[in-house]
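Chains as they are written, first to last, in the numbering used here: chain E, 227 to 324; chain S, 1418 to 1842.
In what follows, a single structure is set out as structure tokens and then discussed.
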Amino acid sequence: MKKIALALVCLYGISFAGDYDATQGQMLSLSCASCHGTDGKSTAVTPYIAGMGKTTMYKTLLDYKYGRKTGTIMQKHAKGFSDDELEQVSYYFSKVQR
Amino acid sequence: MNRRNFNKLVVSSFALSLAACSSLTSVSTLPAKKKRVVVVGGGFGGATAAKYLKKFSPDTEVILIEQNEEYYTCPFGNTVIAGMNDIEYIKHDYKTLASKYKIQVIHAKVKKVDGTTSSVILENGDIIPFHRAIVSPGIDFKYEKGYEEGSELHSPHAYKAGAQTSLLRKQLEDMKDGGTYVMVAPTNPFRCPPGPYERISLVAHYLKNNKPKSKIVILDQKKKFSKQGLFQEGWEDLYPDMIDWRSVEFGGKVLKVDPIKRILTTDEGDVKADVLNYIPSQKAGKLAFDSGLTKGDWCPINTKTFESKLVKNVHVIGDASIATKMPKSGFSANSQAKVAALQISRLLQKMPVINPPKLANTCYSLLSPTYGISVAAVYEAHEDKIIKVKGAGGLSPMAASKDFRMQEAEFAVGWYKNQMADIFK
């Protein structure tokens, strides 16, 4: 039991994962849908982000925000959100059925 | 449309919604066990709000009232004027909203939204009560300087899409090579700030390929315009010597217009147009005035919920609302609609509103089919104002590569496709 608890603490420590706040995640996702489609289900050239892995999406958004990745427009949006907000929106899209 | 056809329409829209719902619902009385939200206006704001209300709160009865069965978007209307797309490309309807989302769509003209009785009054006298209403009335024109109602049949504004879009397209096709296309661009604030200049770009694209001796003159009623540096850089590159932009300070100021003869009187002499695209100054749609929702030309709102500051339980979204710093754009209306729908669904369940809600805007403009530019911003609704989040947003870079402009043109098309699905599908 102790081992499991320790493992959980480590896991938490490594990923720095915050708890998912569904209300916040959903609210933040709303403007994404204008370009990426309702719930991220794009049918056009804009990337399909529904069901994207939370860690991958969060890392990508942080990369845009901190200048490690540039696109045409995503860095301009990513800079408008706190790291926590980017994590919440990543949670939201990861939970959408592809 | 005559009354019989109108009644048939209403019946068919009810039939559609009755077929979709198993229970019979009358709209003249409030439902006994449900909450009802009536959305008036089926454009970017209204249609989005109706869909997302159902998404957030499936048990709420949502009625969408829109006078037309078909909706033509202003965005991408300029591609129709330039002959890049057919008018069908910008045509959309409400069938999926009715069948998939169980929204009762009623095609009728609204006389007013009455806050004192919490009901929508139709022009035919029918009364539809609500718990809350969302009004997305769009814009109307300020008739001025000799441009009156009806002038648009000779000198189209093409700033409400549909028949006007087709008319301007036809006039452009009929114009002789060597003709002059004149646009009068409006004072601030107006719908879609980069819209007139995207139109000029795509008209230039058409003329360059079809009537290369022609000229374009813009008589601007303001000193500067949206994405000005990017547009002017692109015009120099793509259409050198074709476009003559005159600001209000340097020959652009229009004193008088003869919309039939297509002659404009400016303080530096007369300008004769072969095609005159006169875009008048603007104000909130008539319904907003008739419903007591306006102060000055536009509708003051609570920025966190978009509830009117003047009429309780009535929310105003889109171009008609005072949502500064957000521009009056389709994207903004779509973003506002979702926030309003989310906050209303919480208010109906007696939950606290989300504070602060965040919104966004991205406006793409095409300078040619392969040359796109954009401006973006992220917003946060604070007490009494919507602020731009610092450090975010901005314009496309100047002097970017052809590949970059091409990519933005592709994303513009991608935005339109996904945005339409987000509203109507």
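We treat Cβ as the ideally placed atom computed from N, Cα and C, and that holds for glycine.
Test item: CB-CB of residue i and residue j under 8 Å
| i | j | result |
| --- | --- | --- |
| K1644/S | L1481/S | no |
| L1776/S | Q1760/S | no |
| E313/E | G244/E | yes |
| P1554/S | L1704/S | yes |
| H1509/S | T1534/S | no |
| L254/E | F319/E | no |
| V1522/S | V1530/S | no |
| F1748/S | T1779/S | yes |
| L1514/S | I1507/S | no |
| Q1484/S | F1607/S | no |
| I1551/S | V1444/S | no |
| Y284/E | Q301/E | no |
| R1663/S | N1495/S | no |
| G1462/S | I1696/S | no |
| M1659/S | K1625/S | yes |
| L1589/S | Y1598/S | yes |
Integer Cβ distance of residue i from residue j, believed to fall under 8 Å
| i | j | result |
| --- | --- | --- |
| I1556/S | A1701/S | 7 Å |
| Q1638/S | V1674/S | 12 Å between Cβ atoms; not a contact. |
| D1661/S | V1688/S | Actually they do not touch by this definition, with Cβ atoms about 10 Å apart. |
| G1789/S | Y1781/S | 6 Å |
| S1803/S | T1741/S | Note that residue 1803/S is Ile in the sequence shown, not Ser. At roughly 7 Å, the Cβ-Cβ gap stays under 8 Å, so I1803/S and T1741/S are in contact. |
| G263/E | N1751/S | Not really, about 12 Å apart at Cβ, beyond 8 Å. |
| V1692/S | G1596/S | 7 Å |
| S316/E | K280/E | 5 Å |
| V1479/S | K1472/S | Not quite, the Cβ-Cβ distance comes to about 10 Å (not below 8 Å), so this is no contact. |
| A270/E | V1527/S | So it is not a contact: roughly 34 Å between Cβ atoms. |
| G1458/S | Y1488/S | Not really, about 10 Å apart at Cβ, beyond 8 Å. |
| L1846/S | L1783/S | A query on residue 1846/S cannot be resolved here, the shown segment of chain S reaching from 1418 to 1842 and no further. |
| G1668/S | E1685/S | 4 Å |
| Y1511/S | K1468/S | Their Cβ separation, rounded to whole angstroms, is 10 Å, which puts Y1511/S and K1468/S out of contact at 8 Å. |
Exposed unless 16 or more other CB atoms sit within 10 angstroms - verdict on residue i
| i | result |
| --- | --- |
| A1809/S | buried |
| H1799/S | exposed |
| I1677/S | exposed |
| M1768/S | exposed |
| Q1766/S | exposed |
| N1772/S | exposed |
| L287/E | buried |
| S1568/S | buried |
| P1573/S | buried |
| T1582/S | buried |
| R1679/S | buried |
| L1636/S | buried |
| Y1833/S | buried |
| D1801/S | exposed |
| T282/E | exposed |
| A1690/S | buried |
| R294/E | exposed |
| S1818/S | exposed |
Residue-chain proximity (residue i, chain C), Cβ-Cβ < 8 Å
| i | result |
| --- | --- |
| K305/E | Absence of chain C from the displayed structure is noted, the protein chains being E and S. |
Helix, strand or coil at residue i according to DSSP, with G and I counted as helix
| i | result |
| --- | --- |
| V271/E | coil |
| Y1781/S | strand |
| P1613/S | helix |
| G1463/S | helix |
| H1359/S | What the structure shows of chain S is the stretch from 1418 to 1842, and residue 1359/S is not part of that stretch, so it cannot be assessed. |
| Y1489/S | strand |
| R1549/S | strand |
| S1738/S | strand |
| G244/E | coil |
| G1686/S | strand |
| L1672/S | strand |
| M1659/S | coil |
| V1530/S | strand |
| A1575/S | coil |
| A276/E | coil |
| Y1796/S | strand |
| A1602/S | strand |
| K1805/S | strand |
| T1496/S | helix |
| D1637/S | strand |
| D1594/S | coil |
| A259/E | helix |
| L1441/S | Interpretation of L1441/S is limited by its pLDDT of 39, a score under 50 that renders its predicted location unreliable; the figure taken from the coordinates is listed afterwards. Reduced to three states, the DSSP call for L1441/S is coil. |
Output, in sequence order along the chain, the residues in the region 1739 to 1751 of chain S whose CB is closer than 7 Å to any CB in chain E.
F1748 and N1751
Give the residues from the region 246 to 260 of chain E that approach chain S closer than 7 Å (Cβ to any Cβ), ordered along the chain.
Going along the region 246 to 260 of chain E in chain order, one finds T249, M253, L254, L256, S257, A259 and S260 with a Cβ nearer than 7 Å to chain S.
Under 8 Å (Cβ pairs) to chain E, residues found in the region 1799 to 1828 of chain S
Cβ contacts with chain E come from V1806, G1808, A1809, G1810, G1811, S1813, F1821, Q1824, E1825, E1827 and F1828.
Using Cβ-Cβ distances below 7 Å, what residues of the region 265 to 277 of chain E are close to chain S?
S268, T269, A270, V271 and T272
In chain order, what residues of the region 282 to 302 of chain E put their CB closer than 8 Å to some CB of chain S?
T298, I299 and K302
Contact set between the region 1752 to 1773 of chain S and chain E, restricted to residues whose Cβ is under 8 Å from the partner
Listed by position, the residues of the region 1752 to 1773 of chain S near chain E (Cβ gap below 8 Å) are S1752, K1755, V1756, L1759 and I1771.
Of all the residues that make up the region 1646 to 1663 of chain S, which are near chain E by a beta-carbon distance shorter than 8 Å?
none
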